[in-house]
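Everything below concerns the one structure shown next.
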Amino acid sequence: MSEKMPAGRRKVRVVVLGGGTAGWMTAAGIARLLPDLADVALVESEDIGIVGVGEATLPHIRGFVETLGIDEAAFMKATHATYKLGIDFRDFGRIGESYIHPFGSFGEELRGVGFHHYWLELQRQGLARPLGDYSLAVAAAQANRFRPPAQDTSLASTYGYAYQFDATLFGPFMREFGLSIGVERHEGKVTSVDRDSADGDVTALVLEDGRRMEGDLFVDCSGFRSLLLGQELKEDWEDWTHWLPCDRAAAMPCSHVTDDIRPYTTATAMPAGWRWQIPLQHRMGNGYVFSSAHISEEDACEAIVGAAEGKPLADPRILRFRPGRRRNSWSHNVIGVGLASGFLEPLESTSIYLAQMAITYLIELFPQDGAIDPRDRAEFNRLVDMEYDRVRDFLILHYHATTRDDSEFWNHVRTMTVPDSLADKLELWRKAARIEKYSDGLFYDASWIAVYVGQGMLPERHDTRPALGNPQQLAQATERLREAVLREVGAMPNHREYLRGEAARIADAA
Amino acid sequence: MSAPRNPCRRIVVVGGGQVGVLAAAALRQAMPVSQVVLVGQQPNPASFADFAPTSLPNSTSMHERLGLEESEIVLKAGGSYRLVTRFQGWSAAGEEGLFSYGETLDPTLKTAFAREWGGTRQLGSNDRRQGSIAQMLAEAGRFAPPPPDQQTPLSEVDYALRWNPAAYRDLLIERAQALGVDYIEGQIEAVEIGEGASIAAIRLAGQGRVEADLFVDCSGPAATLSASHPDFALIDWSDTLPTRMVYVGRPIDAVIALEDRVSLVDTGWVTQVAGRDGLHTMLGTGEGVDRDAALATLGAPALAAINLSSGRIAEPWLGNVIAIGDASARFEPVGPYHLDLAHRQIELLLEMLPGKHIEPLERDEYNRRSIMMMEAVHETLAIHFAARRAQTIFGKRPLPGRVADELDQFRRRGRIPFREEDPLLAQERFALLVALGFTPGLPPAAHNADAAAEEQAHRDFAARAQAAIDFAPPYAQWLASVSQQSPAPAG
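Chains as they are written, first to last, in the working numbering: chain A, 4 to 513; chain B, -9 to 481.
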């Protein structure tokens, strides 16, 4: 292989530490996209369990899978995946209320004014239906229907989709893929780390049996232990527990209860956090994400057993985590990907996205000749911080925009001081129904609107323009849109039927 | 329950150039219940956006908003089309590069381009592979704008419009009148500051007071209204942008071409915009360039010689007055960025149109984005002056904002970092850097590109380009045929 490289260059030796989802995604990504630049080795130990974060994903995963040249069908089959159109949030703003945050928009902008201003005006006049009625993704999700979006500019193209899959199968799938494209796997536990005495860079990982894994670049995918970035390099951790108090999850898979498979994930608020329901082909993922300061692990397990609808397929398993991120995700020649770099709870299914995002930036900024340029490191850290901070604010919103006062947990999140960056966004919405605009990172206008409106945080004022026209005409126009949405949904197959129809392609025979 | 904002009773737009007329027409169209009054005369030629004979492809959205048909601009305002801009002499005398619009380049070709030219690019050599379909069309002299609702071999070609500024302004005035914009021609004598550091009214010489809830300052570099606000402040760009004088030439002979030019010469930079009313030429010079030498370089009778002190307003929206276009930022017209900036600022104002009562936070959000727009233009211009030969002619300048990082990322890995509110698309920025003589590095993922896929992409591109050339009529003939009903107005 090395003869392909220009003279004087050799391949960069990349050592990935950790064989979880993040580790294998990183190893496979680098091996697939930079075959002539890098040799990838991965160290993992069968004795160390994996967290298997995120059973639900965001639409971005499709780009990642495609870029790696993985066949969607094979991938769905291997991970027992279903399609996902969004997340149904229940009891967040107020007990008994729910809304879907879709992978799609609401209505359409009219004469440069966002649809939500028209909706707010209709609502004032008592003519509005729920906001979700004007979103194809929401309406399809509520009807349990699914079809991939159209590739044109029609209404049928106004949504995206992601997957809900078995995370414990995703890691192994990526492992198999990684191994098939030349990632070298090493079994063993790291007992010590060798550093260069001059510049402090990591030079090798020493394994239990004395083997030394030498490398030029080390990717820390060791999860919360963060063996390299945290323990060895002592990179500071910015703790966000005061804003996002959930630090545990009790996970318990169940059987399906009904014949339907929802093309969406459900997040239901609980007295000390929230619980997820993620429908897979063969079972329902269940779990309670909670704040250990507000409920004990034992009580949380009891709560999830009590709340789960299907037959439990295993005992609840406790996962522990800390919301926050490292001040630097790339330090020296060590890059953290996944939990070793930061963690945001799975409320918006961002875990795999955050790993994928870091991998993508790492590939863009990869040290081509092995020598790391500090400017690339700074750029990587700038981008990763921006991504984490934007997701963080959006997650905090889900807790803060509430009227719930039925538990200590909700009292805390309702009344806490939020980051300034979020406080301004909230105030801008409250006063003028406007969304702070950005085009980089995650979660744009439609997402913010879904949560604001869905959690009952209505603004005081909206744009003048929707009130200028004839209200009946406005009502008729939106009614036509709603009918078009219904027609479109009516033409879609049932999600389970669609999965069955595609079974030969995507379903596991077992 | 949310209630609609109370609309502004009256909005006063100051400045009768194309920016002021555009702003007034667009505001009136968005807010038919508000009285929109346009006050004042056309700013002087130092207000580059007001005299711009062209903009970026994005101007289409402003025209659509106003219901202004492209064919109308061609018929009544001497409209013509630009597909490419030739950058001459920026890296070295005799070297050049072509810039075209759009996000159309196949990523495989971009990679191939970076590999073929990365590090070993022979500037000025003739064997360069063609970069875009627009370039192929420009070289073949063939083009007609593709009908928007049909898929044709020309559909993916992005272009910019040009026009005769005076005739174009007349067309805009017609639209503004049809929309019901009121007009008062008059000199502003005084600006009355009311409560909360807002403007209560302006006094016009011999015509009394005009009150309004909202004021839009399109008065050009004088920033007549904004400058009278107690919090008015300027941020100086003269450290990073070197042009001190701009000479504007009188358009003489009509030039029918799909190409415009931005050249670097020993005295400074020269822009040449082709027009049916003549070639619009401007020359920008740095410190200490002799006036006679400048006029000799200009090569056309000078309409104006303008002293430039570049910079932007610290806060474009102060109290209830919003600065748009040259009233918000002054910089060298080394490309069609002035009017494009004004367009985008007007779009932003329409997006965030306040009511009678202004929310401080929406003003902050407007300012945040308008400042990003202005600084993105600032950085785009600074990139020009970071070109190799530009540094010899204008001297080495500090690089503002993220320019140094961008150039570094481009040189080492062909990467264009994302920038919010950028006047150019990422691919356009890539093309601009190449045209200015910067050599793209190879992105890491391009090292293993598949030669067969690349060859295929080249073949596909060649086929698409050929289809476009076969489909497009000879441009000069086409333009003559569609414009013959009404001859181009004389400049």
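Heads up, the beta-carbon is just placed ideally off N, CA and C, and yes, glycines get one too. For clarity, every value in this text was computed on a predicted model and none was experimentally measured.
Closest option to residue 313 (chain B), judged by alpha-carbon separation, among B:325, B:324, B:331 and B:322: B:331. The alpha-carbon separation between residue 301 (chain A) and residue 325 (chain A) amounts to approximately 19 Å. For residue 23 (chain B), the nearest beta carbon of chain A is closer than 7 Å to its own beta carbon. Contact of residue 398 (chain B) with chain A is assigned, a C-beta pair being separated by under 7 Å. Excluding five sequence positions before and after residue 456 (chain A), the CB atoms of its chain that fall closer than 6 Å to its own CB belong to 134, given in chain order. Straight-line measurement puts the Cα of residue 346 (chain A) at about 9 Å from the Cα of residue 329 (chain A). Residue 207 (chain A): member of the beta strand (DSSP E) spanning 205 to 210, first to last residue. Chain B places a beta carbon closer than 7 Å to that of residue 366 (chain A), counting this residue as a contact.
Taken in chain order, the members of the region 418 to 448 of chain A whose beta-carbon sits within less than 8 Å of a beta-carbon on chain B are 427, 430, 431, 434, 435, 436, 437, 439, 440, 441, 442 and 443. Counted as a single uninterrupted DSSP element, the alpha helix (DSSP H) harbouring residue 420 (chain B) occupies residues 416 to 425.
If you check the CB distance, residue 76 (chain B) and residue 322 (chain B) do not come in under 7 Å. Looking only at A:45, A:287 and A:380, the smallest Cα-Cα distance to residue 361 (chain A) is reached by A:380.
Each of A:506, A:487, A:500 and A:510 was checked against the Cα of residue 160 (chain A), and the nearest Cα belongs to A:487. Under DSSP, no beta-bridge partner is assigned to residue 263 (chain A). Taking a 10 Å sphere around the C-beta of residue 408 (chain B), we find fewer than 16 other C-beta atoms and assign the residue as exposed. Scanning chain A for C-beta atoms nearer than 9 Å to the C-beta of residue 410 (chain B) yields 440, 441, 442 and 443, reported in chain order. DSSP places residue 167 (chain A) inside the beta strand (DSSP E), whose first and last residues are 165 to 167. Of the residues assessed, residue 385 (chain B) falls on the exposed side of the cut-off, its CB having fewer than 16 other CB atoms within 10 angstroms.
Contacts with chain B (Cβ-Cβ distance below 7 Å) from the region 453 to 465 of chain A involve 461, 462, 463, 464 and 465, listed in chain order. Of all residues in the region 121 to 136 of chain A, those with a C-beta nearer than 9 Å to a C-beta of chain B are 123, 124, 126 and 127, reading in chain order. In this structure, residue 415 (chain B) places its C-beta atom within 7 Å of the C-beta atom of residue 93 (chain B). Among the residues of chain A, those whose CB is under 9 Å from the CB of residue 343 (chain B) are 115, 116, 466, 467 and 468, following chain order. For residue 195 (chain A), there is no enclosing alpha helix (DSSP H); the enclosing beta strand (DSSP E) has its first and last residue at 193 to 198.
Residue 356 (chain A) is a Cβ neighbour of residue 61 (chain A), given a cutoff of 7 Å. For residue 93 (chain A), the enclosing beta strand (DSSP E) covers residues 89 to 93. Cα atoms of residue 72 (chain B) and residue 245 (chain B): separation of roughly 12 Å, rounded to the nearest angstrom. Membership of residue 383 (chain A) in any beta strand (DSSP E) is not indicated; the residue belongs instead to the alpha helix (DSSP H) covering 377 to 403. Flagged as an interface residue toward chain A: residue 438 (chain B), by a C-beta distance shorter than 7 Å. Residue 72 (chain A) and residue 27 (chain A) have their C-alpha atoms some 15 Å from each other. Secondary structure note for residue 456 (chain B): its alpha helix (DSSP H) is the uninterrupted segment 441 to 461. Assignment of alpha helix (DSSP H) within the region 133 to 159 of chain B, counting only whole runs of 4 or more residues, yields no such run.
The beta carbon of residue 109 (chain A) does not come within 7 Å of any beta carbon belonging to chain B, so the residue lies off that interface.
Scanning its chain for C-beta atoms nearer than 7 Å, with the 5 sequence neighbours on each side dropped, one finds around residue 264 (chain A) the residues 85, 282, 498, 499 and 502, in chain order.
Under the 7 Å criterion on CB atoms, residue -6 (chain B) is classed as interfacial with respect to chain A. By the CB criterion at 7 Å, residue 379 (chain B) and residue 231 (chain B) fall outside the cutoff. Under the DSSP assignment, residue 243 (chain A) falls outside any alpha helix (DSSP H); it carries neither an H nor an E label.
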